[in-house]
Each structure stands twice: as C-alpha cells, then as structure tokens.
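Asks: Please see the structure below; I have some questions.
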Amino acid sequence: MSQRSFTSTFRKNRLGLVGFGGVVFFLLLGIFAPLITSYPKGYGTDIMASPSFVHLFGTDGLGLDILSEIIWGARTSIYVSFIAVALAFAIGVPAGLVSGYIRGFPGAIIDTLIDVFLTLPVLPLIIVIAAVVGSSITNVAIVIGLFSWPSLARVTRNATLRVTEMQFIEAARCLGIKQRVILFKHILIVIIGPILVNLTLIMATSVLSEAGLSFLGLGDPSTWSWGTIIKKAWDAGAIIDTPNPYWWWFAPSLSIVFYVVCFNLLGNAINDALNPKGRE
Amino acid sequence: MADYIFRRLMKSLLTVFISITLTFLIIRLMPADPVSLMVDPKLSPEVQAQMRSNFGLDKPIYVQFGIYIANLLKGNLGYSFKTREPVVLVLLQRLPWTILLMLTTLVISLSVGLPVGIIAAKKRNQIFDRVVNVLITLSISIFIPFISFAFLYVFGYRLHLLPTGGAYTPPPSLGFKYVLDIARHSILPTLTLFLGNAATIILYSRNSMIDVLKEDYIRTAFAKGWNDRYVTRQHALKNALIPTVTITGLMIGSMMGGAIMTETIYAWPGVGRLIYDAVSAMDYPVLQGAFLMLSITVVAMNFITDLIVAKLDPRIRLAGGRA
Amino acid sequence: MSNLKAPFLEVQGLTKHFNISHGLFEKPIWLHAVDDVSFAVQKGETLGIVGESGSGKSTLARLLLNLIRPNAGSIKFKGNDLLPMTKAKERMFRREMQMVFQDPYASLNPRIKIGEAIAEPIKANRVFEDKKVIAARVAELLEMVGLSSDVAQSYPHEFSGGQRQRIGIARALGVSPEFLVCDEVVSALDVSIQAQILNLFSELKSRLNLTYIFISHDFSVIRHVSDHILVMYLGEIIEIAQVDALFLKPLHPYTRALISAIPEPDVQNRSGKIILEGDIPSAADPPPGCRFSTRCYMANDRCRLEHPELLQYEQQHFVRCPYAEV
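If you read the sequences in order, they're chains Z, B and A.
Quick note on our numbering: the first sequence kicks off at 10 and runs consecutively.
Quick note on our numbering: the second sequence kicks off at 772 and runs consecutively.
Quick note on our numbering: the third sequence kicks off at 43 and runs consecutively.
Okay, structure coming up:
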C-alpha cells in the first residue's frame, strides 16, 4: 500500500477529516492553554452565572470561568492521552511482536497474559491502585497507560501472526537479517496501520478512564480536568438543582464526548484508508 | 471440545490467581505504607499490633502470601475500616444487585443489539444503516455520568416519571410489588449501561453478518432459490452469532467499570457503589475485596460465554478445538 | 555421483517430520515431509530437483538453508559440517549460500525501497561497511540483473513479476554467495518471461562461477538448466541421474510417467502418454512398502509390502525400484 493511495483515500473521507481536525484542535488547545487563558483558581464574583459574552460557558459554583476550566482540562486530557499511548506502545508493541513471531513457549505465555488482562475488570483495578498510590495526574496517567497495553498487544500480535508467514520475512531470515531487525523493522512497518488505529482508540479511552476516575474522587484535585469539573458539579448538587446550572456539567461532558468522537472518527478513517476494499 | 473446555478452565483459574496476586502485591509493594492500608490506624495500638501479626506484616513476603491465600480460602477478606464488618459479608450483600443490573443489561443489549446489527448488515449503506453507524460512534464515546445526568434531570426531576435513585423506595414492600418497584428503579441504570454495550454488540453483529453474507456458500444458497428469511435464519445467523457472543464475553470486564459509575450516580446498592463509598472512606480492605470479587464474577461470566461459544461453533465442538 | 573430488555440498540422510496434530490431548501425527535424502553437488554444476507438490522439495530447500531444523541427517558444505548450527557457523554460512524465492509478489517487503532491500543483507552480514561502497555495490548488482540503478529509489509494487524476480536475484547475490538455491523461481512468471529469467540465471552462473540447486515441478525447465537431476516423490528420492541419461533412459515408473507428460511440439515425436491413476497419498500416512505403489502401473504385492532401497543402476544413475529395468 503506497503512501499516495493512503493519503488520497483518507482525504476523501469527510468524517475522518473532521476527526483529524478535532484532534489537532485539542492538541493546540492543550499545548497553548497557558497562552490562551489564565489558570482558574480562588473565587470569582459571579457564582453559577449562565453563559454570557464575558463567560462563554458560564461560571461554576465558585464563580470561576468554565471555559478556562475546559481549556485547562484539554491540557490534562492531552497529557493523559500521550502518557497512556507512550506506555501502551512501549509495552504492547514489543509484546505483540514477540508473541506473534516466536512460536512456542514465550509467545504462548505473553498471549495468555494478554488474554488475562483483557478479561480482568480494569477500572476496578485502576481504582484500587490509584487509591493506594495517590492521585497526582501523572500517577493516574501512568496507571491508565499500564493497563492499556493488552489491547494494543493483541492487535499487534494478530497482525504479526499474519505477516510472519509471508515470504519476504522468510527471505529476510535467509539473508541473515537479525531477528530484532526483522521484528522491529520488517514486520513493524508492515503492520503499523492497525497499530495506529488502536493508538487513537487508546487516546480516546484513556481520557474516558481519567474522567471516570476524577469523577469518583481519585483524580488530581490540583489539576483541572473535565472529570474534576463534573465531580465538583455533582458534589455541589448541581445536577438536581432547579433552575439547573446545566452549563456547568454540559460543557465538560460535551468536551469529553467531542474528544472521544474525534479520535474514534480519526481511527475509523485510518482503518478505512488502509482497507479500501473493506466493509462499506 | 474437551480440549477447549480444559484450556479455558485453566485460563480462568490463572486469571483468578493473577487477580489474587495483583491484589496482594498492590498493597504490599506500593509506596504507601502497607500497614496503614490493612490495619485501620484509628484502632487502639494493642489491636493494631494484634492485627499486624495476624496479617504477618513483620514476616517475609512469601510467608505473607501464604497467610493471604490461606485467609482467602477460609473466606476471610479482612474487615471494613468503616463498619468493622467482615468484607466478605458486605460484598455478598451487594453482589446480587450488581449481577442483576449486569444481566439485565446484557440480555436487553443482546436482544436489541443483535437484530439491529443484522438488519443494518442486510440493508447496508441504506438510511437505516447510516443512522445506526452514527449512533454507534456516538454511543461508544459516551461518558456515563453525562448520560446519567441527562436522564436524571429529564426523567427524574423535570418529568418526575422515574425514581432518581436507589433500587427500591423504602421501606421494601413484599412479593410482586417489590419486584415491580425494583424494576421501576432499574430502568434508568440499565438504560445508561445499555447504550455503550448495545453499540458494541450492534457493531460486531453487523460486521460479522456482512462478512458472512459475502461468503460463497451464502451466494450458493440464494442461487439455489432459497428465500431470504430462510437463508438468514439457517446459515448466516448462527455464524454471525459466534463472534458477537465472543465479544460479549470481552465486554463484561469493561461493563464492570461502567457499572461502578452507574451505580454511584443512581445510588444503586451494588458493588460499584460500594467501591465509590470505600474510596471516599479510604476503606482499603473493602476496595481490595471488591476488586477480587468482581474479577471472579467476570471470569465466571466469561467462562460461561466460552461454553456457549463452544456449543455454537461446530469447529470447536467437533474438532480438536484450536479456536 | 563422481567420487573424484570432494563434493561442494554433501547431504546425508536428511529427514524432517512435522507434527500436525493439535490440542493437548492428541497423539502426534507425523507428516513425512522429507525422508532420508542423500545427494552431493559438485562445484560449478546445477542439480535439478523435480517433483510434484507434496514431494518435499520446498521443505528440502528450507532444510538446506537452515530455515528449518532437520530431525536427522547431516549437511556438509565445502567439507565442513553445518549441523549442528552455531552462531559463528551461521554467520559464515549466510554469506556462502543463498536462496531465490518463488513468488516475486511476496518475496519483497512492500514497504522497503529496492535499494534498501538489496543493501540490507550486505550491511547485516558485514560484507561492506562504508555507505558509498555499499551504494556502488547495489548499483552494480542491479546492472548485473539487467535493471537500471535508478530502480533503487522505488518500491516493489511499481514493478512487474519478472522485474521483481530480478530484484530478488540481485538481493541474494549481494553477499557474493557461491551457492544459490532457486526454489521454483520461474513458476510464478509468464512463459515468455520465464525464458528471459532462465537465461539470466545461466549467464550469472558462468559469470560469477556459481553452483546451483534448481527446484521446479516443470520438467522442461529442469531439463534445460540441470547437469544432474533428482526426482522426488512424497519426501523420498526415487531417481538420480545425469540429465541426458535420465531422458534417454528414465527408469522409475514415476519418472517415465512425468517425462511422457511433457508437451512435445513436434507431432512426429509424440508417443503415448502414461496416465497415472489414483491420488497422491497423504504424506502423513505414507503407504507401507513403496510409496508410489498406490498409483504405479506395474506395482505388485511385493511393491506394496516391501520398502525399496535406492540402488545403483549405472555409474551416476540410481533408482528406487527393483523393477526398474522392465
């Protein structure tokens, strides 16, 4: 599959472009957050004010601007996504490559481990660990990343199994190419597509996990994250208030949904561009 | 088939064993002081010392592991910091509620998801299918608190149609009225959990149905003149069912995560809500015990799913079972 | 085989059985892919190995190149025992013996540029270290196989089957091997291209003083390129002879049937075809006695019960059939 046909197929996919645009948007938002708005802290003057020109998303129970909170929350989301993806890649891809290429014992062990971790209820485990290690945002991100590797490993392994049987891999062995190079160069560049797709999924779900953890009280109280905003709204009873300050919990929730949807669309588009004859 | 069942059983046992080991290691190897995680610092010093020796906290780690396993086999999961009750009892009280919620969600997700997916596959690319695809993408991205809040607000507070929390309105009534009351209370939590699960089921059943319909043997059946309904029912359905049931098994683990948040928001008295309360109270024994119990439940449900797949898939039933 | 000089490659009793049963509780089922194969190749000659699918020729090729480990037997290259293989031996071995593969559409990594694909084994085997030297070598190899050196910047999918096969040859020659195993190298090509590639092979052989093992199921191709021919059936050698001797006087009934099936353009020369009955039995369950007995037109009870040995008929002509003379 050449570079050119991938890019042109991808570009024709409008939803994919939306996803891609959204992802870039969040990236920029997160990276440049300090330049866009100041870090919300302390108290504000207007408490639970509805959206206006001054406060585009309204204010929360402490009078702080929700839009600023959202922007800084984007920064947290990007941070969590990248750490999760880095860890998942560092552990999952080698594990999948090795277990798909080397038959026999080591491969079977890794595969069994992958199965075990895919079966386990991961969120309860993360909750227990987060409760024990304490809730700095880095800790949370690392814990989430540590449990994202199995699905990536599975995808990598399945793809590796298909590719290992191909003649160009046999040829590489015959030509004296070292095993390490075969795995991390010859096989990896062929299977990078599905890996990329899975990575976008991990970026999405890691933010969902972080938001869930924050909502349950295990997030970092000193960082703004979309989950924390929602938790504060929940704690303040804003959900059941009438008249309801819906903007307080709508804005962060929609941000989460939008973030996840964009990554999903991007992943789907990459997947479709890789399999032009796939399921329409 | 015996081969397959044996291997799945071994894997299930291994998973449970790893859960047990993980729980053990987390407490003892994490930076936090293991003592404070297992022995309530609010107890008197004498009792603390007693408990410390009970848990063998002064002994080498493999001895501690042995004590831990021995305790587990006796059903001793420790004592709740908050209520001083044995953790096992607390869990067993709450577990049925969680199982009720999950089973109901599973059944409804499958009964709705499968037909929708199959119809979407047959009407590929038509309006029905496109709408379904959009809904799937949205549903997979759902953040449970968001949906729950929306539901609660609309149905609970504005329209006053459905109760806003708990599993039943106290005091618990008797007999059929009790069941109805629970059912009424379970509508919103089930609906919330259902959305994410149904989306995955629809996705998988649609895709596997499309794959099956493309197969040559289906074209042959149509060419032979068999009508649409018959072909779908006899051939395509069964083969599309297998991957879907398999993915359901995998989903059960992530459903637990969703259940935790759902139960918390709707105050559903299951293990999920228990976990939330335990986190707030720093009740570590309960947290560990809950994880363990949830793991065992998930593994058991997965094993049952595997058995169902084995029954459905003739490749497993007849052959040596390489699936 | 001539005993005058030590053979370049000598194979004795090479055997490979695969276990094809699955599951924890199943008894092993052994597939007899290659059974007790022995032969020798002299420097500078071409040994042709011919057989149908399932004859074991591909497995044999992979055994020779250490892509599969044998269950029994020995391989001697230039007098040195290759088995058991060690890292040091392997390093030397890969530079001396290489393989060209069958499917030009599958033997090149689609994501790696041609130049890189050819340069890689040169770097991996430490033939050259300097980048410029390597680049020059790549260009040299490409010209040797009849391609322009610009090709190095392109990807495999931009080329036809014949061109890709040339690239595969260039890649194999990068480490300057003395011995080349050609596994069905023209079987996947159009007939008109086959001739070109075969000519390239013979040209390279004389130019670089190579020794070949040439594997094919196509008798006319084998006849064209080989000095000696080895005929295989169900994992066993059933006849070995010099090429002219084999076609003049094929001894084994199987060889006779195969040769009679070669299409003959000259109507005058056409003789009756021998049609073989029955199916090739499974190599997982070879028949007792002669493996060809289930399809042989002159098999008798002794054939079905007694496993025939490979016997010498004439100088350099061996056959595994006691009734060969008939």
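Every residue gets a Cβ at the ideal spot worked out from N, C-alpha and C, and that includes glycine.
My assumption, with CB atoms under 8 Å, is that D232(A) sits in contact with Q176(Z). Please give the rounded CB distance.
Replies: 19 Å between Cβ atoms; not a contact.
Asks: Give every residue of the same chain whose Cβ lies closer than 7 Å to the Cβ of M980(B), excluding the five residues on either side of it in the sequence, and list them in chain order.
Replies: Around M980(B): G888, I889, A892, A1007, A1011.
Asks: Whose C-alpha, out of L44(Z), S231(Z), R166(Z), is nearest the C-alpha of S145(Z)?
Replies: Checked all of L44(Z), S231(Z), R166(Z); the closest Cα to S145(Z) is S231(Z).
Asks: If I measure Cβ to Cβ from P832(B) and keep anything under 7 Å in the same chain, skipping five residues before and after, which residues do I get?
Replies: Strictly speaking, residue 832(B) in this sequence is Ile, with Pro absent from that position. If we look at I832(B) and ignore the five residues flanking it on each side, its Cβ neighbours are R799.
Asks: Where does F119(A) sit, in a helix, a strand or coil, going by DSSP?
Replies: In the structure shown, F119(A) sits in a strand (DSSP, three-state: E or B).
Asks: In chain order, what residues of the same chain have a beta carbon less than 8 Å from the beta carbon of P1056(B), not counting five sequence neighbours either side?
Replies: Around P1056(B): M809, L848, G849, Y850, S851, F852, V858.
Asks: Using DSSP bridges, identify the partner residues of W72(A).
Replies: In the DSSP output, where bridge partners are listed per residue, W72(A) has N61(A).
Asks: For M772(B), does the three-state DSSP call read helix, strand or coil?
Replies: Of the three classes helix, strand and coil, the one that applies to M772(B) here is coil, per DSSP.
Asks: Can you tell me which of I201(Z), A181(Z), F259(Z) puts its alpha carbon nearest to the alpha carbon of A168(Z)?
Replies: Taking only the C-alpha atoms, the option nearest A168(Z) is I201(Z).
Asks: Please list the terminal residues of the continuous beta strand (DSSP E) segment that includes S231(Z).
Replies: Neither: S231(Z) is in no beta strand (DSSP E) and is coded neither H nor E.
Asks: Please confirm whether L184(Z) has its beta-carbon closer than 9 Å to some beta-carbon of chain A.
Replies: It does: the Cβ of L184(Z) has a partner Cβ on chain A nearer than 9 Å.
Asks: Identify whether V228(A) lies in helix, strand or coil by the three-state DSSP scheme.
Replies: It is coil, neither helix nor strand.
Asks: Skipping 5 residues on each side, what residues in its chain have a beta carbon closer than 6 Å to that of D286(A)?
Replies: If we look at D286(A) and ignore the five residues flanking it on each side, it has no Cβ neighbours.
Asks: Within 9 Å (strictly less), CB to CB, does Q176(Z) reach chain A?
Replies: Yes, its Cβ sits closer than 9 Å to a Cβ of chain A.
Asks: I'd like to confirm the pairing. Which residues does DSSP put opposite Y850(B) in its beta bridges?
Replies: Bridge partners of Y850(B): P857(B).
Asks: Determine whether the Cβ of K782(B) lies closer than 9 Å to any Cβ atom of chain Z.
Replies: Cβ-Cβ to chain Z under 9 Å: yes for K782(B).
Asks: Just to confirm, is the Cβ distance from G98(A) to V53(A) under 9 Å?
Replies: No, these two residues do not count as a Cβ contact at 9 Å.
Asks: I need the straight-line Cα distance from R249(A) to E185(A), nearest angstrom please.
Replies: C-alpha separation (whole angstroms): 13 Å.
Asks: Residues of chain A with a CB under 7 Å from the CB of A180(Z): which are they?
Replies: Chain A residues near A180(Z): F143, S149.
Asks: To the nearest angstrom, report how far apart G314(A) and P295(A) are at their CA atoms.
Replies: Taking the straight line joining both Cα atoms gives about 14 Å.
Asks: What residues in the region 103 to 126 of chain A bring their beta carbon closer than 9 Å to a beta carbon of chain Z?
Replies: Those would be R104, L107, N108, L109, in chain order.
Asks: Note the first and the last residue of the continuous alpha helix (DSSP H) segment covering T68(Z).
Replies: T68(Z) -> no alpha helix (DSSP H), and no H or E assigned at all.
Asks: I need the straight-line Cα distance from M1032(B) to V1016(B), nearest angstrom please.
Replies: Their backbone Cα atoms lie some 25 Å apart in a straight line.
Asks: With a CB to CB cut of under 6 Å and the five nearest residues on each side skipped, what residues in its chain are close to L862(B)?
Replies: So the qualifying residues of the chain are G1060, M1064.
Asks: Give me the chain A residues within the contact set of V199(Z), using Cβ-Cβ distance strictly less than 8 Å, ordered along the chain.
Replies: Those are N151, P152, R153, listed as they occur along chain A.
Asks: Show which residues of chain A have a CB atom less than 8 Å away from the CB atom of H195(Z).
Replies: Per Cβ cutoff of 8 Å: N151, I154.
Asks: Got a sec: which bits of the region 123 to 149 of chain Z sit with their beta carbon under 9 Å from any beta carbon on chain B, in order along the chain?
Replies: From the region 123 to 149 of chain Z, only D124, V125, F126, L127, T128, L129, P130, V131, L132, P133, L134, I135, I136, V137, I138, A139, A140, V141, V142, G143 have a Cβ closer than 9 Å to chain B.
Asks: Need the endpoints of the beta strand (DSSP E) that T88(A) sits in, please.
Replies: Element bounds for T88(A): 88 to 92.
Asks: Using the Cβ count rule (16 or more neighbours within 10 Å means buried), how would you classify I1046(B)?
Replies: Flag for I1046(B) reads buried.
Asks: Helix, strand or coil, according to DSSP, for Y355(A) in the structure here?
Replies: Correct three-state label for Y355(A): strand.
Asks: At 8 Å on the CB atoms, spell out the chain B contacts of S262(Z), in chain order.
Replies: Correct list: F914, P916, F917, F920.
Asks: Should L793(B) be flagged as near chain Z, meaning a C-beta pair shorter than 9 Å?
Replies: So, interface residue.
Asks: State the beta-bridge partners of F360(A) as determined by DSSP.
Replies: DSSP output for F360(A) lists I282(A), Q354(A) as bridge partner(s).
Asks: Closer than 9 Å, CB to CB, is V102(Z) near chain A or not?
Replies: Not one chain A Cβ lies under 9 Å of V102(Z).
Asks: To which residues does DSSP link M371(A) through a beta bridge?
Replies: Past the boundaries of the shown model lies residue 371(A); chain A is included only from 43 to 368, so the question cannot be answered.
Asks: What are the residues that DSSP puts in a beta bridge with Q54(A)?
Replies: S116(A).
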